[in-house]
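Since the structure comes first, as structure tokens, the remarks are kept for the end.
Numbering (our numbering), first residue to last: 197 to 488.
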């Protein structure tokens, strides 16, 4: 039934390839555990104690809580599918609880440091240099996810309206306004890209040879440039998304507007950025108030 389930989430739920791989990996690991520990031929007949035993074994292996919770979520989805298909009559996941997570504050780059990087750094006057600059400006200027930027296509850019159309998780689309500066960079870059690769693909951000860019290359580009601007531990594309949201909030943007720009399904996911804003207010208070 695992193969049927994977087809279900791929074609009916339209999960991303990354999510599909995660589901498959989790279920295969669970299947292996059941076979080894209980000589159980398939997960369909697993009981609550067996599932709990697997979770305990993961914790004992020092797996982090978020990783374990992802596997629990996989099993929840899988057993709901089995119920729907009448393969089982009761859900063994009903009593299973997710592990408690500590919630570290999102890391972000200081506004002055990032602006100095983008305004004064001498990006090479080459296609690669122009691409790298646009990549950094696009991630920070729109707050889009890594996967969303990789999949962004030229047809998604509306120069007349000054917006881009982004396809996010579960193929949900949203419209994000872009600044005149970023729109100018996009327009100039796309013209140069068309001249260099007239028969190239329609994706906006491409490699030096005109192919669709890939995650590891984006990570390398972002880290290379953030190394010049910050000493924070994480220097990844997602940090620029956090920075986008934090800077907007610090400038007084409405939380609901930030939620829509980020493509969050609920306000709870966006509220984490208020903690960073509160920290800034505390620092200002301590520095400025005579009785602080």
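Even for Gly, the Cβ is constructed at its ideal location relative to N, Cα and C.
Looking only at C-alpha atoms, which of the options sits nearest to residue i?
i           : options            : result
residue 358 : 365, 371, 346, 459 : 371
residue 168 : 311, 376, 342, 218 : With the chain running from 197 to 488 in the structure shown, residue 168 is simply not present.
residue 437 : 401, 305, 326      : 305
residue 352 : 399, 368, 308, 202 : 399
residue 300 : 291, 280, 335, 262 : 262
residue 386 : 362, 355, 410      : 355
residue 450 : 439, 466, 435      : 466
residue 303 : 233, 454, 434      : 434
residue 471 : 446, 462, 461      : 446
residue 243 : 361, 381, 291      : 291
residue 308 : 455, 425, 486      : 425
residue 368 : 457, 394, 395      : 457
residue 324 : 230, 362, 404      : 404
residue 217 : 230, 326, 270, 327 : 270
residue 253 : 412, 327, 230      : 230
residue 224 : 207, 204, 199      : 199
residue 312 : 422, 448, 197, 461 : 422
residue 249 : 233, 241, 260      : 233
residue 293 : 282, 279, 272, 207 : 272
residue 310 : 431, 349, 280, 448 : 431
Taking the beta strand (DSSP E) that residue i falls in, what are its first and last residues?
i           : result
residue 370 : 369-373
residue 361 : 359-363
What do you get for residue i, buried or exposed, if any count of 16 or more other CB atoms within 10 angstroms of its CB means buried?
i           : result
residue 459 : buried
residue 344 : buried
residue 222 : buried
residue 239 : buried
residue 277 : buried
residue 420 : exposed
residue 228 : exposed
residue 333 : buried
residue 454 : buried
residue 389 : buried
residue 418 : buried
residue 191 : For the chain, the structure presents residues 197 to 488; residue 191 sits outside this window and is missing.
residue 379 : buried
residue 362 : buried
residue 297 : exposed
My assumption, with CB atoms under 8 Å, is that residue i sits in contact with residue j. Please give the rounded CB distance.
i           : j           : result
residue 469 : residue 442 : 5 Å
residue 220 : residue 202 : 6 Å
residue 288 : residue 247 : 6 Å
residue 314 : residue 265 : The pair is not a contact, with the Cβ atoms about 36 Å apart (cut-off 8 Å).
residue 336 : residue 226 : Between residue 226 and residue 336 the Cβ distance is about 39 Å, and since that is not below 8 Å, they are no contact.
residue 329 : residue 382 : Contact doesn't hold; Cβ gap of about 11 Å is too wide.
Do the CB positions of residue i and residue j come within less than 8 Å of each other?
i           : j           : result
residue 346 : residue 408 : yes
residue 210 : residue 366 : yes
residue 452 : residue 463 : yes
residue 402 : residue 331 : no
residue 275 : residue 268 : no
residue 374 : residue 338 : yes
Could you tell me the boundaries of the alpha helix (DSSP H) in which residue i lies?
i           : result
residue 437 : 433-446
residue 262 : 261-280
residue 402 : Taken as a continuous stretch (DSSP letters only), residue 402 belongs to no alpha helix (DSSP H), as it is neither H nor E.
residue 206 : 198-207
residue 416 : 411-422
residue 302 : Element bounds for residue 302: n/a, residue is neither H nor E.
residue 224 : 213-234
residue 288 : First-last for residue 288: undefined, no H or E at that position.
residue 253 : 244-256
residue 456 : 451-458
residue 392 : 376-392
residue 343 : 342-347
residue 425 : Unbroken run through residue 425: none, as it is neither H nor E.
Would you say the beta carbon of residue i comes nearer than 7 Å to a heavy atom of the ligand SAM?
i           : result
residue 267 : No copy of the ligand SAM appears in this structure; indeed no ligand is present at all.
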